[in-house]
Amino acid sequence: MYFIALATDYDGTLAHDGTVSNKTLAALERFKKSGRKLLLVTGRELPDLKRVFPDVGLFDKVVAENGALIYTPASEEERAISPSPEPEFVARLKKQGVKPLSVGRSIVATWEPHQATVLEVIKQMGLELEIIFNKGAVMILPSGVNKATGLAAALEDLHLSPHNVVGIGDAENDHAFLKACGCSVAVDNAIPAVKSTADLVTRGARGKGVEELIAKLIKSDHGIVPKRHDGIVLGSSGGDDIYLSPTESVLIAGSSGIGKSTLATALTERFVDSRFQFCVFDPEGDYDGLEGAVGLGDASSAPTKAQVLDLIAKADSNVVVNGLALRVNERPDFFADLLPGLGSFRRRTARPHWLVIDEAHHLLPKRRDDTRAVLSLELPGTILITVHPEAISTDALRLMTAVIALGPKAKDVVKTFCHETGIEPPKDIPTPKGDRVLFWRPGARKKITTVKVIEPRQSLKNHSRKYAEGQLDETGSFYFRGPDDAMNLRAHNLMIFAQMAEGIDDKTWEFHLRAGDYSKWFRHQIRDKDLARETAEAEKDSKLSADESRKRVLDAVRRRYTAPATAPEA
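In the numbering used here, the protein residues as written are 309 to 878.
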């Protein structure tokens, strides 16, 4: 369930001539029974609303006085989020003959044509007040207070994001809160300006339009959203933008070092721009220092489930869960323990909107027999990133609605995905060239296309802790074997590499040196071109003795990765 809540205006939307019909009330009750929340967003003052609408208790939150007052029907708590009107301001309006005149906790209201008089008094007194119109009504509120600010305060109480709210309204004062919602809807009787900016317009007017919307939401949920409004941009193909929806499950796969993390970084930037909350599961420390996110865990301390869930509960917090301190065989258990609690939170709030799971073959391995239970048969808004799609749980792969394949082996990625999931492979698989990738939605029965993907604004940092102290997998490790394969010493990080390099014999050291093995490892697995370049110079210098070349290479490694930070001067 993606749309967790419905926010509706009262007069002219939910109500006709101040009254809500029995059919509309029944529709609201059905909506609540589906597990969703109801919010009423109105310009009316609370006592007046309670008088005309005795069923206000159906709603989880009421935003009254055009955003200035938050009311919780269950507890009858009232909370003003803007200051009270100045008595002198009200007195001057009365003296100028402005009537009718209504004064609430924060709002002052009258009717046209008194707006000119109201504006003149505001100017004379030098007040920071705004006039908001609503089909002839004239509402005066502190500057910056409107239905959108009131809705934001109510959603914060409910731990919900505006992305997961559908808003419906009809008049000028509804513009602000409708624009803030994940999907905006205008009833058929709405003014033209509201209709022109809404994502959807109902066929029915007032309460019938609300009933119509509720029926669609219960049946289709996120499916009601027009494609043009949907998700974040992956890139472009043939001049058209390609979008990823927050209800999709996406596989990003390809050989090592060809840009998977770079693409994921670019996507997280789009999440931040669009205010989608995200959580990155980062077993290898590749996203250390990611902009717009808080990191949990490092090379020496593992994150805890409680830390992750507590931080995600804050709607404005994006999280990178660094699993570098966990051994490879511990990572699936950590993830399996965390995912049910995370899934429960997502079912209640639809947050975080996106889960990015790097090294997915570590966290959702095929060999586990409890993966289906862990997944709960759904992974909406999830991105799995891997070098080895064949090693990911088949249950997880079958949930993928989109495949992004990168690099020279992109075709093989698609074929492997089809083989593992039992899908008939496409007949024509193009070859991506340059900065393009393959993009395919298996269930859409559309051809695979090549997409020029977005580039990140931030440069990927060299994740020194991962390579210096972490545990690279077997493929990423360096092996000292010697000229006759007499040894098989595995260095799973740079610190171990340096220790082994100092202890091995000169013959073994020079065998790998002259073969260029060190620079190759630094370039392709450590992904440090500068270290690889400096090392290659030592490899090519035949005048260097074993001790001299060893010292030069290890000095370059330690200078970049294992040297202690310089203490500040006193």
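Positions of the beta carbon are idealized from the N, C-alpha and C atoms, including for glycine. A quick note: this is a predicted structure, and the numbers were derived from the prediction, not measured.
Classification of residue i by the beta-carbon crowding that lies within 10 angstroms, buried from 16 upward
i              : result
arginine 654   : buried
aspartate 596  : buried
glutamate 842  : buried
glutamine 385  : It is worth fixing the name first, because residue 385 is glutamate in this sequence and not glutamine. So glutamate 385 counts as exposed.
glutamine 585  : buried
glycine 605    : buried
alanine 873    : Caution applies to alanine 873, whose pLDDT of 44 falls short of 50 and renders its modelled position unreliable; the model cannot decide the point.
alanine 681    : Since pLDDT at alanine 681 reaches only 49, below the 50 mark, its modelled position is unreliable, and the value read off the structure follows with that caveat. Per the 10 Å Cβ criterion, exposed.
threonine 390  : Going by the sequence as given, residue 390 is serine instead of threonine. Buried is the call here.
histidine 832  : exposed
glycine 452    : exposed
glycine 778    : buried
leucine 374    : Looking at the sequence shown, residue 374 is not leucine but asparagine. By the neighbour-count rule (16 or more Cβ atoms within 10 Å), asparagine 374 is buried.
lysine 331     : exposed
glutamate 732  : exposed
proline 554    : buried
asparagine 630 : buried
glycine 343    : exposed
arginine 639   : buried
arginine 753   : exposed
glycine 730    : exposed
alanine 484    : buried
lysine 755     : exposed
valine 602     : exposed
glycine 539    : buried
threonine 694  : buried
Nonlocal neighbours in the same chain, by C-beta distance under 6 angstroms from residue i, ignoring five residues either side
i              : result
leucine 685    : Model confidence at leucine 685 stands at a pLDDT of 46, short of 50, so the residue's coordinates are unreliable and nothing is read from them.
isoleucine 532 : Lys524
isoleucine 522 : Ala335, Phe339
arginine 387   : Ile378
valine 360     : Gly326
aspartate 814  : Ala854
threonine 505  : none
Own chain partners of residue i with C-beta closer than 8 angstroms, once the 5 adjacent residues on each side are dropped
i             : result
proline 697   : Leu559, Ala561, His669, Leu705, Val721, Thr724, Phe725, Glu728
serine 880    : The structure shown does not extend to residue 880, since the chain is modelled only from 309 through 878, so no value can be given for it.
leucine 862   : Ala806, Ala809, Glu810
glutamate 480 : Ile440, Phe441, Asn442, Lys443, Ile499, Ala501, Val502
glutamate 337 : Leu366
lysine 402    : Leu409
proline 611   : Leu604, Gly605, Val629, Asn630, Gly631
lysine 345    : Ile312, Ala313, Leu314, Asp368, Lys369, Leu466, Leu468
arginine 635  : Gln779
Per DSSP, cross-strand counterpart(s) of residue i
i              : result
tryptophan 829 : Its beta-bridge partners do not exist; DSSP assigns none.
isoleucine 550 : Gly543
tryptophan 662 : Phe586
glutamate 386  : Tyr379
glycine 475    : Ala315, Ser492
proline 450    : Leu437
isoleucine 712 : Ile560, Phe747
valine 629     : Phe589, Leu604
isoleucine 691 : Val558, Val664
valine 416     : Val411, Ile448
valine 509     : Ala494
lysine 369     : Leu347
threonine 327  : His324
proline 673    : Ile700
asparagine 374 : Answer is none; asparagine 374 lacks a bridge partner.
asparagine 442 : Ala445
Same chain only: Cβ atoms within 7 angstroms of residue i, ignoring 5 sequence neighbours per side
i              : result
tyrosine 869   : Ser772, Tyr775, Ala776, Leu802
arginine 513   : Per the sequence shown, residue 513 should be read as alanine rather than arginine. Around alanine 513: Val495, Asp496, Asn497.
methionine 795 : Phe788, Arg789, Thr816
glutamate 520  : Thr510, Arg511, Gly512
histidine 530  : Tyr310, Phe311, Thr555
tyrosine 826   : His820, Thr843, Glu847, Val861
glycine 543    : Ile550, Val759, Lys760, Val761, Ile762
leucine 751    : Position check: residue 751 holds glycine in this sequence, whereas leucine was assumed. Answer for glycine 751: Thr709, listed in chain order.
C-beta neighbour in chain D for residue i, strict 9 angstroms
i             : result
glutamate 373 : Going by chain labels, chain D is absent from the structure shown, which holds only one protein chain.
Handout entry: Sufficient close CB pairs (3 or more, under 8 angstroms) joining the region 393 to 407 to the region 452 to 466
Key = Look at the beta carbons and you see the region 393 to 407 not touching the region 452 to 466: under three pairs across the two are nearer than 8 angstroms.
Practice task
Indicate whether the contact test is met: 3 or more Cβ pairs, each with one atom in the region 410 to 429 and one in the region 443 to 451, closer than 8 angstroms.
Solution key: Touching, per the Cβ criterion.
Practice task
Please determine if the region 788 to 798 and the region 852 to 865 are in contact, where contact requires at least 3 C-beta pairs separated by less than 8 angstroms.
Solution key: In short, these stretches do not touch, since the Cβ pair count stays below three.
Handout entry: Sufficient close CB pairs (3 or more, under 8 angstroms) joining the region 565 to 578 to the region 645 to 653
Key = In short, these stretches do not touch, since the Cβ pair count stays below three.
Exercise for the section: Indicate whether the contact test is met: 3 or more Cβ pairs, each with one atom in the region 616 to 630 and one in the region 754 to 768, closer than 8 angstroms. Expected result: Because the criterion of three Cβ pairs below 8 angstroms is not met, the region 616 to 630 and the region 754 to 768 do not touch.
Problem - Given 8 angstroms, three or more beta-carbon pairs between the region 741 to 753 and the region 583 to 591 - result: In this structure the region 741 to 753 does not touch the region 583 to 591; the number of beta carbon pairs closer than 8 angstroms is below three.
Practice task
Check whether the region 816 to 825 touches the region 747 to 765, taking contact to mean three or more Cβ pairs, one atom from each stretch, closer than 8 angstroms.
Solution key: No: the two stretches stay apart, fewer than three of their Cβ pairs being nearer than 8 angstroms.
Practice task
Can you check the region 756 to 818 for any beta strand (DSSP E) of at least 3 residues that lies completely inside it and give the ranges in chain order?
Solution key: Under the rule that a run must span 3 or more residues, the beta strand (DSSP E) segments found entirely inside the region 756 to 818 read 757 to 761, 786 to 788, 797 to 799.
Problem - the region 469 to 484 / the region 416 to 436 touching (three or more Cβ pairs under 8 angstroms) - result: The region 469 to 484 is not in contact with the region 416 to 436.
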